[in-house]
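Structure first, then comments.
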Amino acid sequence: MTTTASTIETESLTDSIEQAAERIGAVWPIHSFVTANPLAGFEDRPFHEAVDEATELFGGRGYPHPSVFRRAWETERIDPEILDDELGEYDADPETLLDEMAEHEEKRTARTADATDDVDRLVTKWLAVFLDQGEATWSMPNREAGFYAAWRQLAPYDGNLPGCSDPGDLPTTATDALESIIGRYPRDRWGAICEHQLAALPGWTGFVKQRASDDHDSWQQTHPITIEQYLAVRVTIADLLDAPLDPAAVEEDPDQNADTGDDGTPPVADRWLTAWERSYRDSLIETIDTSAGNDDSTRPTAQMVFCIDTRSEIIRRHIESQGNYETHGYAGFFGIPMQHQSYGTEAASKACPPIVDPKHHVVDLPVADDEEETYSHWTGGARAIHDHFETLKTNAVAAFTFVEGAGGAYGSALATRTLFPSKLASLADRVRERLPHTGDFCEADLSSDGGCSHDHGLQEGLTHDQQVEYAATAFELMGWSEFARLVVFTGHAAHTTNNPFDSSLDCGACAGNAGGPNARVLAQICNRGAVKDDLRERGFDIPEDTVFVAAEHNTTTDEITLFEGPVPESHAEDLETLNSDLESARESAAAERAATMPAARQEDAVSETKRRAHDWAETRPEWGLAGNAAFVIGPRGLTADADLGGRAFLHSYDWSADPDGDALEAIFAGPLVVTQWINNQYYFATVDNAVFGSGSKVTQNPVGNVGVVQGNGGDLMGGLPLQSLKATDDDPHHQPLRLSAVVHAPVDRVTEILADHDDVAKLLDNGWLSLTVVDPQEDNRAFEYAGNLNWTAVSDRSTPEDGDPVPLALADD
1 MTTTASTIET ESLTDSIEQA AERIGAVWPI HSFVTANPLA GFEDRPFHEA VDEATELFGG
61 RGYPHPSVFR RAWETERIDP EILDDELGEY DADPETLLDE MAEHEEKRTA RTADATDDVD
121 RLVTKWLAVF LDQGEATWSM PNREAGFYAA WRQLAPYDGN LPGCSDPGDL PTTATDALES
181 IIGRYPRDRW GAICEHQLAA LPGWTGFVKQ RASDDHDSWQ QTHPITIEQY LAVRVTIADL
241 LDAPLDPAAV EEDPDQNADT GDDGTPPVAD RWLTAWERSY RDSLIETIDT SAGNDDSTRP
301 TAQMVFCIDT RSEIIRRHIE SQGNYETHGY AGFFGIPMQH QSYGTEAASK ACPPIVDPKH
361 HVVDLPVADD EEETYSHWTG GARAIHDHFE TLKTNAVAAF TFVEGAGGAY GSALATRTLF
421 PSKLASLADR VRERLPHTGD FCEADLSSDG GCSHDHGLQE GLTHDQQVEY AATAFELMGW
481 SEFARLVVFT GHAAHTTNNP FDSSLDCGAC AGNAGGPNAR VLAQICNRGA VKDDLRERGF
541 DIPEDTVFVA AEHNTTTDEI TLFEGPVPES HAEDLETLNS DLESARESAA AERAATMPAA
601 RQEDAVSETK RRAHDWAETR PEWGLAGNAA FVIGPRGLTA DADLGGRAFL HSYDWSADPD
661 GDALEAIFAG PLVVTQWINN QYYFATVDNA VFGSGSKVTQ NPVGNVGVVQ GNGGDLMGGL
721 PLQSLKATDD DPHHQPLRLS AVVHAPVDRV TEILADHDDV AKLLDNGWLS LTVVDPQEDN
781 RAFEYAGNLN WTAVSDRSTP EDGDPVPLAL ADD
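Each residue of the sequence shown is one higher than the one before, starting from 1 at the first, in the UniProt record's numbering.
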């Protein structure tokens, strides 16, 4: 009987912990930073309720500051008539409402920590040393036993923990600790206690949550940690320090959380935000070509497939202006759910979105001996020198003499990097010209018998049928019916220096890694004769002269590198022309983007973007996805003649080539959800960077190759830095708007998909994003999702009279 009661109690406590952990957003390691909605655990609530609950739990602000709304209103980004429509229920005018909102902001107080500062300080210290991923010279012992067990062995040596002189003074297991400490409280308080303790350090909690959920994480396999273990250490430390555990024991400030009305209605800030979003969305609909046609029936010179990333919108426009080029948008992992191991490396990295589990382990193998020898010679020597210097710097005996002997050389190098970053960029270009890229002499080992490796639990390579399926899926989702002589799959990556958040500028669809490997795998698949034959049998008429090529777009400099590989001599002239046109497109795209960068020298945009990439003092090498506001799903003809200002995700889709709606369903279930995550990461990190972002890069410190903290400790920062979002501390570059999705498809088809995907429908019903359908079967009329699978014709609702459209770009700010 006792055993049964104990089991029930343990299960009840486990349920409380799991439910509490759901409220905390996942945080990925800094080396593969993934933008995600920090309030993902609240997406089952209406947006305004979620903001109110999260404000109570984490503190911070959930809506833009009144000064941000004022600026948008005064610069006419919020249409006055739309604003009047949204504020119709209020007696006061917009100016008065802004003043009242500003007055409320002045009364807002910071969140009061329920646990003592000492608890947070000690917990973060132990988390940092346990979760270290190879940065520490002397690592924490006994980590293989798990977090709680390793901490329990060392806790007696922590002079800050009273009443703990021997491991025997502490509960034997994490479960024992949780039951003995939280079990003292009434059962109906367990959920609140767990939630409050996990929310005290949401960054570290989010990281533990993410790592514990990743079955393929090598660090987790070697040094396991769970939410339960983390919570057990935290409550044990709190118990030893006699700190309060139950939030009911902490006095709340009634003025700090007052965003939502007493009757549960959205606050006035929500109306302002909605008016701003409607203004942008209406202007977007007016700007795009709803005829969605393309009169040019000639075979394109080349077709280029880019990631749906907003930065691709800019380069695509400039490439198309160079000639008869056709560009398409597709999720940047190119549909290959893989883990990739580059040539010459021992570790593999995830190369698919965070919501997708990798299925394949793909390794690069050399195929060109001469280039491999050159690459190995240069990189091997550089690696040996680097390892030798690192050994000298960290060796207790050699460190002092090393500093004395190498100080002059280091000083000269530091001066060069600080004063002459452009010269350093030129030197890097010359080195790169001599050093072959692995993409030029390596191919992915795709061979597979369908079995899984015991090392990582993934299938080695891809079977023939899988290769055909991934290629066919790509063409189906994009609605392809013809193929040029050159088809280029273009992944993307960024180049920055001394930037802890560099992975946030790489491909989010590749888990914060470069997209080139995925592009190379798909190109390699599509070039196989047997795959082409099967694709033709499935209705894809691929001409004999079509060659597939991989490329990588450097989003910091707008340079596009083609991995030419085994391209036949018959296509040499095609490649030469393409390379020339890509360089011209780079010049004009770089000029456009440089115009939005603070303190950018615009007279030579290419050199300026290269300087920013190599300047280690440059806090804003590029804007990344700042400005993102829309996701357009449809043919390129919908947006080909529109300048969307680098603010729109663009996914190619042809409704007429998707009679069953399967392709559109896949886009809704995958890319639409991921772009909503990205958009909300940028939104919340902009409206309150201290709580949902990571503050200024100037005061950040990396910790254990897992993340950054502000100053010398504290919570792991879970969001984007201030410099990724604002031109100055008080001048936002990113306009904090929820995502506006626009789809070119029949309304009935979209309704059926939403009926089958309740998770996506809830995001819409709860206001986390909006959806507008341009229906080709209704003369391309626009319909706006009104909730509960209902629609409103845009022309039927209150809209402003024709006039100057709301600006779509950011440069006018």
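Ideal Cβ placement from N, Cα and C applies to all residues, glycine included. Quick caveat: nothing in here was measured; it's all calculated off a predicted structure.
1) List the endpoints of the continuous alpha helix (DSSP H) containing G529.
2) In this structure, what does DSSP give as the bridge partners for S584?
3) Between the Cα of D357 and those of E476, L131, H216 and E74, spot the shortest distance and give me the residue it belongs to.
4) Thinking just about the alpha-carbon of each residue, which of Y470, V549 and G323 is nearest to the one in F489?
5) Would you mind sorting D15 into buried or exposed? The rule is 16 or more other CB atoms within 10 Å of its CB.
6) What are the boundary residues of the beta strand (DSSP E) that T555 is part of?
7) Report the start-end ranges of each alpha helix (DSSP H) in the stretch 158-192 that is 4 residues or longer and not cut off at the edges.
8) Measure the C-alpha to C-alpha separation of P746 and T10 and round it to an integer number of angstroms.
9) Name the DSSP beta bridge partners of R781, please?
10) Locate the alpha helix (DSSP H) running through T96, then write down its first and last residues.
11) Of the choices Y90, P171, T222 and W272, whose alpha-carbon is the least far from that of A232?
12) Hey, could you find the ends of the beta strand (DSSP E) Y325 is sitting in?
13) Quick check on the burial criterion: 16 or more other C-beta atoms within 10 angstroms. Buried or exposed for A590?
14) Using the C-alpha atoms, what's the distance from L578 back to H328?
15) Taking a contact to mean a Cβ-Cβ separation below 8 Å, would you say Y63 touches V687 in this structure?
16) Is it buried or exposed, Q524, if we count other Cβ atoms within 10 angstroms and call 16 or more buried?
17) Do the stretch 85-96 and the stretch 712-732 touch if we need at least three Cβ pairs shorter than 8 Å?
18) To the nearest angstrom, report how far apart L486 and A626 are at their CA atoms.
19) Should V698 go down as buried or exposed, given a rule of 16 or more other Cβ atoms within 10 Å for buried?
20) By DSSP's criteria, K359 is part of a beta bridge. Which residues make up the other side?
21) Is A793 helix, strand or coil when you go by DSSP?
22) Please list the terminal residues of the continuous beta strand (DSSP E) segment that includes H744.
23) How should S795 be labelled, buried or exposed, when 16 other C-beta atoms within 10 angstroms of its C-beta is the threshold for buried?
24) Going by the beta-carbon positions, is the gap between S279 and I78 smaller than 8 Å?
25) Around the C-beta of D731, are 16 or more other C-beta atoms found within 10 angstroms, so that it is buried, or is it exposed?
26) Going by Cα to Cα distance, which pick from H733, T561, S504 and Y330 is closest to T473?
27) If we call anything under 8 Å between Cβ atoms a contact, is D364 one with T463?
28) Under three-state DSSP, which class holds S279?
29) Give the list of continuous beta strand (DSSP E) stretches no shorter than 3 residues that lie fully inside the stretch 659-745.
30) Between the stretch 617-634 and the stretch 734-748, are three or more C-beta pairs nearer than 8 Å?
31) Check D309 in the structure and name its three-state DSSP category.
32) Which residues bound the alpha helix (DSSP H) around E49?
33) Whole-angstrom Cβ separation of G713 and T124, contact assumed at under 8 Å?
34) In angstroms, rounded to a whole number, what distance separates the CA positions of S12 and D169?
35) Mind checking A249: buried by the 16 CB within 10 Å criterion, or exposed?
36) Do R271 and L98 count as a contact pair if the criterion is CB distance below 8 Å?
Let's see:
1) For G529, the uninterrupted alpha helix (DSSP H) segment begins and ends at G529 to E537.
2) In the DSSP output, where bridge partners are listed per residue, S584 has none listed.
3) The closest CA to that of D357, considering only E476, L131, H216 and E74, is found on H216.
4) Nearest of Y470, V549 and G323 to F489, Cα basis: V549.
5) Classification for D15: exposed.
6) Where T555 is concerned, there is no enclosing beta strand (DSSP E), given that its DSSP letter is neither H nor E.
7) Listed in chain order, they are 174-181.
8) Rounded to whole angstroms, P746 to T10 spans 51 Å at the Cα level.
9) Answer is D775, bridged to R781.
10) Where T96 is concerned, the enclosing alpha helix (DSSP H) starts and stops at P94 to K107.
11) A232 has its Cα closest to that of P171, out of Y90, P171, T222 and W272.
12) First-last of the beta strand (DSSP E) with Y325: Y325 to G329.
13) So A590 counts as buried.
14) Using only the alpha carbons, I get a separation of about 16 Å.
15) A contact, by the Cβ cut-off of 8 Å.
16) Classification of Q524: buried, given that the 10 Å Cβ count is 16 or more.
17) No: the two stretches stay apart, fewer than three of their Cβ pairs being nearer than 8 Å.
18) Those two C-alpha atoms are separated by around 32 Å.
19) Exposed, because fewer than 16 other Cβ atoms sit within 10 Å of the Cβ of V698.
20) The partner list for K359 (beta bridge, DSSP) is empty, contrary to what the question assumes.
21) Three-state result, A793: strand.
22) Start and end: L739 to H744.
23) Burial call: exposed.
24) Yes, the Cβ-Cβ distance between S279 and I78 is below 8 Å.
25) Burial call: exposed.
26) The shortest Cα separation from T473 among H733, T561, S504 and Y330 belongs to Y330.
27) No, they are not a contact pair.
28) In this structure, S279 counts as helix in the three-state DSSP scheme.
29) If you keep only unbroken beta strand (DSSP E) runs of at least 3 residues inside the stretch 659-745, you get 700-703, 707-710, 726-728 and 739-744.
30) Because the criterion of three Cβ pairs below 8 Å is met, the stretch 617-634 and the stretch 734-748 touch.
31) Looking at D309 - three-state DSSP - the assignment turns out to be coil, as it is neither helix nor strand.
32) Residues F47 to F58.
33) Under the criterion of beta carbons closer than 8 Å, G713 and T124 qualify as touching, at roughly 6 Å.
34) Near 26 Å, if we compare the C-alpha coordinates of D169 and S12.
35) Per the 10 Å Cβ criterion, exposed.
36) Their beta carbons are not under 8 Å apart, which means L98 does not touch R271 by this criterion.
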